[in-house]
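Inspection log for the structure reproduced underneath, given as structure tokens.
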Amino acid sequence: KQEVTQIPAALSVPEGENLVLNCSFTDSAIYNLQWFRQDPGKGLTSLLLIQSSQREQTSGRLNASLDKSSGRSTLYIAASQPGDSATYLCAVRGMTGANSKLTFGKGITLSVRP
Amino acid sequence: GAGVSQSPSNKVTEKGKDVELRCDPISGHTALYWYRQSLGQGLEFLIYFQGNSAPDKSGLPSDRFSAERTGGSVSTLTIQRTQQEDSAVYLCASSLLKTGELEQYFGPGTRLTVT
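Protein chains in written order, with the working numbering: chain G, 241 to 354; chain V, 2 to 116.
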């Protein structure tokens, strides 16, 4: 059974700092990995999707990497801003059919202090 | 274009009542997923529909939970005889499995409170 872990559960940093959010998963047989952002009381916003054959994806100040063999992904946020404060969720998708559901970590709640 | 929509956005119900939650996926998306987000539990998979195939119900927590998808589009998640532990945000996602990326797009969720 796939398990996704995100540690720490919460993180507080000063504005402007570069930071790395970690995600680990137990079963390397994944189709892709997604990073999501969730604001309080809101739904999920997809940030980056990395296919299993890819090593990284970039969007603006965000960069996500994937090391499938070691079961790890990182989300790098450059020059953090107070508006980045949210919960960041990592999710992995199984290979096919009935396994195509996403398995989520419990998220990292990020607070960026002005 | 329109994203995934869910209704109602909030639902408060008394313990023991039945509730129905609705999901309208992105037009043309063949796959539809229901997830539940509870305090302290994170997001957990409930059920998956793909085209005309039998749904994958492996995530449903009890037989009080059921879901339908009519005409390969709209889906309804029904919870019978609601319990307080059913209180959560119920999220729906859809995906176009014919594309290479297979990204799942999420709706805003329905917040269910059982009193």
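C-beta atoms are modelled at their ideal positions from N, C-alpha and C, and glycine is treated no differently. Note that this is a predicted model, so its numbers are computed, not measured.
Residue-chain proximity (residue i, chain V), Cβ-Cβ < 7 Å
{"i": "A338/G", "result": "Note that A338/G has pLDDT 49, beneath the 50 cutoff, so the model's placement of it is unreliable and no number is given."}
{"i": "G334/G", "result": "no"}
{"i": "K308/G", "result": "no"}
{"i": "K341/G", "result": "yes"}
{"i": "P354/G", "result": "no"}
{"i": "L287/G", "result": "no"}
{"i": "G256/G", "result": "no"}
{"i": "G311/G", "result": "no"}
Buried/exposed call for residue i, threshold 16 Cβ in 10 Å
{"i": "V332/G", "result": "buried"}
{"i": "P121/V", "result": "There is no way to answer for residue 121/V, as the model of chain V reaches only from 2 to 116."}
{"i": "N272/G", "result": "buried"}
{"i": "P9/V", "result": "exposed"}
{"i": "V260/G", "result": "exposed"}
{"i": "K282/G", "result": "exposed"}
{"i": "Q85/V", "result": "exposed"}
{"i": "W35/V", "result": "buried"}
{"i": "A32/V", "result": "buried"}
{"i": "D307/G", "result": "exposed"}
{"i": "T245/G", "result": "exposed"}
{"i": "S110/V", "result": "As written in the sequence, residue 110/V is Gly, which differs from the Ser given in the question. With 16 or more Cβ atoms within 10 Å of its Cβ, G110/V is classed as buried."}
{"i": "P280/G", "result": "exposed"}
{"i": "R37/V", "result": "buried"}
Cβ separation of residue i and residue j, assumed to be a contact under 8 Å, to the nearest whole Å
{"i": "F50/V", "j": "R70/V", "result": "4 Å"}
{"i": "L92/V", "j": "L284/G", "result": "7 Å"}
{"i": "R23/V", "j": "T79/V", "result": "Not a contact, Cβ separation roughly 10 Å."}
{"i": "G52/V", "j": "G72/V", "result": "Their Cβ separation, rounded to whole angstroms, is 11 Å, which puts G52/V and G72/V out of contact at 8 Å."}
{"i": "V20/V", "j": "G108/V", "result": "About 17 Å separates the two Cβ atoms, so there is no contact after all."}
Neighbouring residues, chain A, relative to residue i (Cβ below 9 Å)
{"i": "Q274/G", "result": "Note that chain A does not occur in the displayed structure, where the protein chains are G and V."}
Within-7 Å CB hit, residue i to chain G
{"i": "G43/V", "result": "yes"}
{"i": "Y49/V", "result": "yes"}
{"i": "P56/V", "result": "no"}
{"i": "G110/V", "result": "yes"}
Limits of the beta strand (DSSP E) - the one that residue i falls within
{"i": "P254/G", "result": "A250 to P254"}
{"i": "K12/V", "result": "N11 to T14"}
{"i": "I348/G", "result": "I348 to R353"}
{"i": "N303/G", "result": "L302 to D307"}
{"i": "Y316/G", "result": "R312 to I317"}
Report yes or no: do three or more beta-carbon pairs, one from the region 312-327 of chain G and one from the region 6-19 of chain V, lie closer than 8 Å? Segments in contact, no.
Contact between the region 28-45 of chain V and the region 335-354 of chain G: three or more CB pairs below 8 Å? Segment contact: the region 28-45 of chain V against the region 335-354 of chain G, three or more CB-CB distances shorter than 8 Å; contact assigned.
Using 8 Å as the cut-off, can you tell me whether the region 317-330 of chain G makes contact with the region 275-284 of chain G, which would need three or more C-beta pairs spanning the two stretches below that distance? Yes, the region 317-330 of chain G is in contact with the region 275-284 of chain G.
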